[in-house]
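In our numbering, the protein residues as written are 396 to 512.
Quick reminder that beta carbons are idealized off the backbone N, C-alpha and C, glycines included.
The structure presented is a predicted model; accordingly, all values stated were derived computationally and were not measured.
Here's the structure, in structure tokens; my notes come after.
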């Protein structure tokens with residue numbers, strides 16, 4: 396069992412930046428993919444960004460060019476650098492780790508990001 400703890404959320408003005416961190420209690424080097432999701436009340440959780448074990452990345456269209464996902468296996472940490480933030484980026488952001496087996500699917504508790512003037 397791996398526990399994930401997100402940090403770095405907060406209140407930021409439109410156009411500002413935040414960096415989210417996801418610290419794992421165990422090794423993430425064997426995790427096939429690390430993901431960042433976000434959720435707004437009343438809406439489905441949506442995938443924001445992914446990074447695979449071989450560091451292939453993928454982004455939702457809404458964040459392409461503004462967000463960057465990275466992973467530091469030595470620190471067992473995944474990051475989400477968010478630039479040019481918009482009010483519509485306001486959500487709870489969740490870290491997710493998936494292994495090749497379907498049973499390996501871990502979630503953090505989430506961190507609130509609010510973009511508002």
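Given a cut-off of 8 Å, decide if residue j and residue i are closer than it, judged by their beta-carbon atoms.
| i | j | result |
| --- | --- | --- |
| residue 416 | residue 405 | no |
| residue 491 | residue 453 | no |
| residue 435 | residue 480 | no |
| residue 419 | residue 399 | yes |
| residue 414 | residue 487 | no |
| residue 505 | residue 401 | yes |
| residue 458 | residue 482 | no |
| residue 428 | residue 447 | yes |
Per DSSP, what kind of secondary structure is residue i in: helix, strand or coil?
| i | result |
| --- | --- |
| residue 467 | strand |
| residue 503 | strand |
| residue 414 | strand |
| residue 419 | strand |
| residue 402 | strand |
| residue 458 | coil |
| residue 473 | strand |
| residue 434 | strand |
Hey, would you say the C-beta of residue i is under 7 Å away from at least one heavy atom of the ligand PLP?
| i | result |
| --- | --- |
| residue 501 | This structure simply doesn't include the ligand PLP, nor any ligand for that matter. |
First and last residue of the beta strand (DSSP E) that includes residue i?
| i | result |
| --- | --- |
| residue 427 | Here residue 427 belongs to no beta strand (DSSP E), and DSSP marks it neither H nor E. |
| residue 480 | No beta strand (DSSP E) holds residue 480; DSSP gives it neither H nor E. |
| residue 446 | 441 to 447 |
| residue 486 | 486 to 493 |
For residue i, does the count of other Cβ atoms within 10 angstroms reach 16, so buried, or fall short, so exposed?
| i | result |
| --- | --- |
| residue 450 | exposed |
| residue 410 | exposed |
| residue 500 | exposed |
| residue 466 | buried |
| residue 497 | exposed |
| residue 444 | buried |
| residue 437 | exposed |
| residue 484 | buried |
| residue 503 | buried |
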